[in-house]
Amino acid sequence: MAYIKQYLSALDKLNFNGMFSGDFFLTWEKSYDEILATFTVADALRWLRENNVSTRIFDSGLGISNFRDNSTRTRFSFSSACNMLGLALQDLDEGKSQIAHGETVRETANMISFMADVIGIRDDMYIGKGNAYMREVAKAVREGFIEGNLEQCPTLVNLQCDIDHPTQSMSDMNHIIQYFGGIDKLKGKKIAMTWAYSPSYGKPLSVPQGVIGLMSRFGMDVHLAHPEGYEMMPEVEAVATKNAALSGGKFTKSNSMKDAFKDADIVYPKSWAPFAAMEKRTNLYGNNDFDGIKALEKELLTQNAKHKDWECTEDMMKLTKNAQALYLHCLPADISGVSCKEGEVAASVFDRYRVPLYKEASHKPYIIAAMIMLAKVKCPQETLSNLVAKDIKRCFS
Amino acid sequence: MAYIKQYLSALDKLNFNGMFSGDFFLTWEKSYDEILATFTVADALRWLRENNVSTRIFDSGLGISNFRDNSTRTRFSFSSACNMLGLALQDLDEGKSQIAHGETVRETANMISFMADVIGIRDDMYIGKGNAYMREVAKAVREGFIEGNLEQCPTLVNLQCDIDHPTQSMSDMNHIIQYFGGIDKLKGKKIAMTWAYSPSYGKPLSVPQGVIGLMSRFGMDVHLAHPEGYEMMPEVEAVATKNAALSGGKFTKSNSMKDAFKDADIVYPKSWAPFAAMEKRTNLYGNNDFDGIKALEKELLTQNAKHKDWECTEDMMKLTKNAQALYLHCLPADISGVSCKEGEVAASVFDRYRVPLYKEASHKPYIIAAMIMLAKVKCPQETLSNLVAKDIKRCFS
Amino acid sequence: MAYIKQYLSALDKLNFNGMFSGDFFLTWEKSYDEILATFTVADALRWLRENNVSTRIFDSGLGISNFRDNSTRTRFSFSSACNMLGLALQDLDEGKSQIAHGETVRETANMISFMADVIGIRDDMYIGKGNAYMREVAKAVREGFIEGNLEQCPTLVNLQCDIDHPTQSMSDMNHIIQYFGGIDKLKGKKIAMTWAYSPSYGKPLSVPQGVIGLMSRFGMDVHLAHPEGYEMMPEVEAVATKNAALSGGKFTKSNSMKDAFKDADIVYPKSWAPFAAMEKRTNLYGNNDFDGIKALEKELLTQNAKHKDWECTEDMMKLTKNAQALYLHCLPADISGVSCKEGEVAASVFDRYRVPLYKEASHKPYIIAAMIMLAKVKCPQETLSNLVAKDIKRCFS
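See the structure below:
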């Protein structure tokens with residue numbers, strides 16, 4: 480009980496009214512207090528679950544998932560989040576549906592939402608498309624609710640788009656908050672968000688963009704490094720610059736992995752495709768230019784291969800603060816000698832951090848559940864208190 | 480509470496004993512009272528959900544779906560109906576199962592039903608097959624229950640067959656009942672169920688058949704119109720004729736969309752394939768005659784193209800009662816200039832009716848839930864009263 | 480209540496402490512008491528469900544399924560078992576996930592298990608692989624739990640591997656216990672586990688292996704018969720030999736279906752592929768030698784065809800005890816003249832035993848639920864008593 484009171488009093492000090500009846504598209508659209516409220520509710524839900532107290536706030540209702548790209552971690556995290564709140568998962572498999580040529584997004588969004596409390600979407604492949612699609616769906620169901628077609632307005636949770644991957648970056652962030660013992664401990668800490676070599680091409684930009692867009696808000700020294708030509712979306716870099724200024728932190732860019740790793744407290748080396756190439760690919764797909772896509776793939780792989788030295792090796796790790804920076808990754812990582820010949824990270828480095836990496840991933844179900852709860856419940860303090868008071872066992876034996 | 484009492488007293492006046500432990504194959508196998516009871520229970524369940532009262536009558540149990548054709552609306556409606564009653568959905572994906580050559584329908588039906596309270600099937604592609612398959616499944620599980628293999632007998636809900644689409648026509652009907660302010664207001668109202676042009680071929684007959692088979696029971700003036708050669712199943716037309724006579728309504732046929740629309744209170748313009756062509760296609764599939772199927776498709780598309788003037792345009796709408804008939808569609812519609820170049824309905828007409836169209840669709844989850852409840856619960860009045868008395872919140876915050 | 484007390488006092492006499500927090504890989508790793516406890520809990524859960532008492536011990540939580548081979552019966556049984564205990568099913572579809580080349584089993588196992596209470600796996604195609612994979616998953620999540628990444632340690636249930644099919648053999652066994660009126664009635668009863676002809680090749684060995692590995696523990700006279708060349712895994716035959724010696728039963732082998740059927744109380748005629756051929760196939764798949772696989776298939780079918788006389792005909796049945804042995808099968812059977820021209824069993828034999836066959840299959844959901852419950856609950860007597868005391872209705876009308 481002592482613990483839960485901490486969460487409740489933490490929430491009492493925050494202003495997160497804007498989240499009720501809202502959606503979660505991009506972390507930088509949320510206020511600092513709203514971000515903290517999300518972490519706090521996530522932690523409170525985790526505490527309840529760890530203490531075998533039911534976290535169900537729904538007796539029935541659906542959580543809709545729509546994965547336009549493969550997913551394991553996020554799929555199971557969304558499924559877990561829905562389940563722990565009492566929602567049943569219903570996947571929209573566009574291949575098995577009638578969503579043919581021409582049916583409007585508005586119509587589909589309404590037709591699947593008569594009993595939906597949340598819609599989670601992954602659409603990360605095409606620049607300029609994924610986030611826009613999510614907003615179109617969210618707008619459609621909001622109108623459907625106002626027009627009286629839907630009994631309730633489902634909240635939209637971005638499960639990775641072309642711009643941001645908020646459920647990932649929030650999980651990463653909550654992990655480092657807990658690892659370093661509190662958000663106040665992060666001030667001045669250096670994090671290296673760096674590109675790393677991978678034998679695959681076209682990995683989404685949303686993870687590194689999400690990281691610099693979020694971690695720049697806590698007074699940290701965020702160093703973004705990548706080889707020339709691996710630029711991100713300029714809008715997101717602008718967000719990071721502004722965030723750093725406001726939070727009393729720094730946002731630095733370089734083309735040197737070593738500079739980034741030097742004295743870093745945290746490193747996040749990860750492959751991604753250049754923004755310009757992703758934009759080009761989006762256009763090629765738009766034109767069904769499959770020869771063009773193949774040529775682009777080949778070009779990108781050749782370009783990647785020039786930067787095999789961007790690997791998180793033991794030597795690189797020695798450059799970090801006391802040679803023991805915290806290593807982060809959204810997983811799965813391309814591990815040299817394990818999942819590929821040469822990759823993002825040396826096997827010995829990865830293995831040393833395996834346990835904290837899994838812990839990092841373990842936050843995602845709770846982050847998603849918190850996002851849903853904050854959109855669905857006006858006063859989460861009251862709701863959490865009620866859950867504690869009722870004390871229904873999650874597993875009653 | 481006032482509202483729920485209305486529903487309960489409405490039910491008290493109806494005789495629907497026949498629905499308990501039964502199935503729902505075709506609307507015309509149900510008595511007039513049974514149809515009304517379904518609407519009433521659907522409305523009561525909706526009222527409960529709108530008032531945040533749990534509608535769960537199951538603590539656990541499975542709802543099995545078996546979609547032998549693509550589906551979005553009905554899939555999500557069935558999923559929603561199961562969820563609101565407390566059942567978990569388990570889809571039978573025949574591709575992932577061992578249902579190979581030779582395993583009998585009886586065996587599969589029993590093997591999936593040990594904990595099933597409802598089986599929902601869509602099988603609408605082949606004339607003479609879909610409804611027959613559903614009856615075979617229903618018979619098998621009934622025998623399995625009697626033989627003691629199944630703890631409970633799942634009720635079968637027809638989610639669209641070759642003959643009828645009862646969850647659709649019942650939703651359409653409940654929509655017009657509420658739109659016009661009560662079932663007694665429908666007497667003498669004219670509804671035009673008409674063919675409309677679509678650039679796709681082979682749309683099932685079950686929607687228009689379901690509509691004339693159901694709407695002819697309420698004293699309405701049902702006008703069926705289609706180009707020559709687009710005949711429906713004669714048995715269903717016979718049902719409509721008989722229904723109209725019994726209910727003091729009319730059932731008229733013509734080959735003129737204009738005659739149908741003239742002074743109509745309600746219009747339902749929708750593409751379908753000729754019965755004879757569907758029968759031919761069924762045989763071609765039976766013989767694996769893929770060249771024959773291709774030739775038939777081409778022939779049907781050419782035939783369709785001769786009737787592009789069968790479009791629900793603004794001019795056509797002007798012919799209707801006060802130029803403001805209610806426009807119905809089961810969705811998705813082929814909207815000219817939106818989902819196709821030339822289609823069933825002009826974009827401006829569709830847009831004007833978009834909100835009522837979504838409302839029309841919103842009835843389906845409740846209609847399905849009512850069908851399940853009436854088959855599973857002996858006295859729905861008591862069950863509904865209990866739900867109100869318990870007053871468990873659907874979303875407790 | 481009288482009934483449930485019988486189950487509780489039966490459990491009081493058994494020592495099954497080893498099952499708590501454990502997994503279920505192979506029946507012969509479980510003590511005799513543990514096997515009996517599983518039957519008893521299964522029967523108690525069935526009694527509760529038959530009496531409309533909720534069997535939910537979870538308020539929320541996930542059951543993960545991973546079917547690496549097609550399944551209908553076991554899929555729905557696992558789904559039913561999860562549902563009756565209160566768990567939501569989440570299928571791991573490896574095709575839709577990111578489980579690409581290289582991601583370790585350990586990582587995937589942890590990533591899907593943050594809220595998993597049970598993982599059910601079918602992996603029966605390759606000799607030396609399936610069971611090993613299950614153990615790797617179970618080890619990974621156990622470590623993940625100890626390392627603090629998982630809130631709870633999911634129990635692993637073997638839904639068929641290369642060695643055993645415990646949920647099947649346990650269902651078969653519980654069926655014969657109830658058919659013959661108690662486990663003490665089985666002493667000295669003769670069961671014929673025999674090969675039978677099928678026009679398909681490569682059926683897993685796990686069913687017959689599971690049967691001889693389990694049924695040899697109850698003092699029965701287990702007769703294994705197959706044509707020369709259809710040998711099983713020698714380790715499993717050794718298990719059966721040892722079991723028979725310990726239980727005061729017999730384990731006999733022959734190459735004669737007639738010898739096996741002679742005076743048998745129970746017959747289980749079923750096709751399988753020779754162990755050596757399955758091993759060869761595993762290696763061919765490992766080498767992506769698809770020509771080799773085709774050649775092997777052809778060879779196996781030719782070899783099978785030499786033994787078409789291994790069919791459970793009426794004449795064969797006449798050899799059994801009073802010509803009325805109980806016929807068992809895991810289903811679906813290859814029924815001569817129904818599912819194939821010539822198969823494992825004559826249609827008239829199959830039809831006569833259809834009802835008991837379905838009953839046999841009906842045990843599986845309860846067996847699986849019992850396996851989960853015994854791994855999750857320290858004192859099932861207390862849990863079952865609580866369920867009876869609470870008396871929440873499964874279907875409350």
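Sequences listed follow chains V, U and B, in order. Per the numbering used here: the first sequence = residues 480 to 876. Per the numbering used here: the second sequence = residues 480 to 876. Per the numbering used here: the third sequence = residues 480 to 876. Backbone N, C-alpha and C fix where the C-beta goes; we use that ideal spot for every residue, glycine too.
task: Determine the extent of the alpha helix (DSSP H) in which residue 689 of chain B is found, giving its start and end residues.
output: 685–694 is the extent of the alpha helix (DSSP H) around residue 689 of chain B.
field: Limits of the unbroken beta strand (DSSP E) element including residue 545 of chain U
entry: That run of the beta strand (DSSP E) goes 541–546.
message: Determine, for residue 810 of chain U, whether the minimum Cβ-Cβ distance to residues of chain C falls below 8 Å.
response: Of the protein chains in the structure, V, U and B, none is chain C.
message: Need the endpoints of the beta strand (DSSP E) that residue 674 of chain V sits in, please.
response: Residue range 669–674 is occupied by the beta strand (DSSP E) that includes residue 674 of chain V.
- request: Can you pull the chain B residues whose beta carbon is under 7 Å from the beta carbon of residue 856 of chain U, in chain order?
  value: Think of a sphere of 7 Å around the beta carbon of residue 856 of chain U: the chain B residues whose beta carbon falls inside it are 876, in chain order.
message: Considering Cα atoms alone, identify which of V:850, V:841, V:489, V:874 is closest to residue 586 of chain B.
response: Residue V:841 is the option with its Cα nearest to residue 586 of chain B.
message: For residue 627 of chain B and residue 589 of chain B, what's the separation of their Cα atoms in angstroms?
response: About 11 Å.
field: Reduced DSSP category for residue 700 of chain B - H, G, I as helix; E, B as strand; rest coil
entry: In the structure shown, residue 700 of chain B adopts extended strand secondary structure according to DSSP, grouped into three states.
field: Spatial neighbours of residue 873 of chain V in its chain, beta-carbon cut-off 6 Å, leaving aside the 5 residues before and after
entry: Excluding sequence positions up to five before and after residue 873 of chain V, its CB lies within less than 6 Å of the CB of 531, 533, all in the same chain and listed in chain order.
message: Quick check: the region 598–610 of chain B against the region 635–648 of chain B, are at least 3 beta-carbon pairs closer than 8 Å?
response: Three or more Cβ pairs closer than 8 Å define a contact, and the region 635–648 of chain B meets that threshold against the region 598–610 of chain B.
task: Name the two residues that bound the continuous beta strand (DSSP E) containing residue 731 of chain U.
output: Note, residue 731 of chain U: beta strand (DSSP E), 729–733.
- prompt: Can we say the region 783–798 of chain U touches the region 842–852 of chain U, given the rule of at least three CB pairs closer than 8 Å?
  reply: They do not touch, by the three-pair rule.
field: Beta-carbon contacts of residue 483 of chain U that lie in its chain and below 6 Å, excluding the five residues immediately before and after
entry: Counting only Cβ-Cβ distances below 6 Å, and skipping sequence neighbours, we find 867.
query: What residues in the region 541–556 of chain U have a beta carbon less than 8 Å from any beta carbon of chain V?
result: Close to chain V, meaning a Cβ-Cβ distance shorter than 8 Å, are the following residues of the region 541–556 of chain U: 546, 549, 550, 551, 552, 554, 555, 556.
message: Any beta carbon of chain U sitting closer than 8 Å to that of residue 535 of chain B?
response: Using a CB distance cut-off of 8 Å, residue 535 of chain B counts as an interface residue toward chain U.
field: Contact list for residue 752 of chain U against chain V, beta-carbon separation under 7 Å
entry: What residue 752 of chain U touches in chain V: nothing, since even the nearest Cβ is about 16 Å away.
task: For the alpha helix (DSSP H) containing residue 567 of chain U, list its first residue and its last residue.
output: From DSSP, residue 567 of chain U is part of no alpha helix (DSSP H) but of the beta strand (DSSP E) over 567–570.
query: What do you get for residue 858 of chain V, buried or exposed, if any count of 16 or more other CB atoms within 10 angstroms of its CB means buried?
result: Exposed, since its Cβ has fewer than 16 Cβ neighbours within 10 Å.
field: Short CB-CB distance (under 8 Å) between residue 529 of chain V and chain B
entry: Cβ-Cβ to chain B under 8 Å: yes for residue 529 of chain V.
DSSP beta-bridge partners of residue 602 of chain V: Partner(s): V:640.
- prompt: Quick one: which chain V residues come within Cβ less than 9 Å of residue 831 of chain U?
  reply: What residue 831 of chain U touches in chain V: nothing, since even the nearest Cβ is about 13 Å away.
field: Presumed contact (8 Å Cβ cut-off) between residue 711 of chain U and residue 687 of chain U, rounded CB distance
entry: Rounded to the nearest angstrom, the Cβ distance from residue 711 of chain U to residue 687 of chain U is 6 Å, consistent with a contact under 8 Å.
- request: Taking only beta-carbon positions, decide if residue 636 of chain U is within less than 8 Å of chain V.
  value: Not a single CB atom of chain V sits nearer than 8 Å to the CB of residue 636 of chain U.
query: Comparing the C-beta of residue 678 of chain U with each C-beta of chain V, is any distance below 8 Å?
result: With 8 Å as the cut-off, residue 678 of chain U does not count as an interface residue toward chain V.
query: Is the CB of residue 824 of chain V under 8 Å away from at least one CB in chain B?
result: With 8 Å as the cut-off, residue 824 of chain V does not count as an interface residue toward chain B.
query: Would residue 713 of chain V be called buried (16 or more neighbouring beta carbons within 10 Å of its own) or exposed?
result: Label assigned to residue 713 of chain V: exposed.
Expected contact under 8 Å - CB spacing of residue 541 of chain V and residue 559 of chain U to nearest Å: Their Cβ separation, rounded to whole angstroms, is 6 Å, which keeps residue 541 of chain V and residue 559 of chain U in contact under 8 Å.
- prompt: Relative to the C-alpha of residue 740 of chain B, which residue among B:716, B:768, B:705, B:719 is closest?
  reply: When only C-alpha atoms are compared, the closest one is B:705.
query: residue 655 of chain B lies in the beta strand (DSSP E); which residues open and close that run?
result: That residue, residue 655 of chain B, is in no beta strand (DSSP E); its alpha helix (DSSP H) goes 645–659.
task: Would you kindly work out how many angstroms separate the C-alpha atoms of residue 723 of chain U and residue 798 of chain U, rounded to a whole number?
output: In a straight line, the C-alpha of residue 723 of chain U is about 24 Å away from that of residue 798 of chain U.
field: Every unbroken alpha helix (DSSP H) within the region 786–863 of chain V, with a cutoff of 4 residues, ordered by chain
entry: DSSP runs (the alpha helix (DSSP H)) wholly in the region 786–863 of chain V: 793–797, 826–831, 833–841, 843–855.
query: Measuring CB to CB, does residue 681 of chain U end up less than 8 Å from residue 752 of chain U?
result: Cβ distance < 8 Å, so residue 681 of chain U and residue 752 of chain U count as in contact.
message: Tell me which residues share the same chain as residue 512 of chain B and place their Cβ nearer than 6 Å to its Cβ, disregarding the 5 neighbours each side in the sequence.
response: Counting only Cβ-Cβ distances below 6 Å, and skipping sequence neighbours, we find 493, 494, 495.
query: Buried or exposed: which applies to residue 853 of chain U, given that a residue is buried once 16 or more other Cβ atoms fall within 10 Å of its Cβ?
result: It counts as buried.
query: What does residue 594 of chain V reach in chain U if we use C-beta pairs closer than 7 Å?
result: In chain order: 559, 562, 563, 844.
- request: Going by CA-CA distance only, name the one from V:766, V:727, V:504, V:838 that's closest to residue 807 of chain V.
  value: Distance from the Cα of residue 807 of chain V is smallest, within the candidate group V:766, V:727, V:504, V:838, for V:838.
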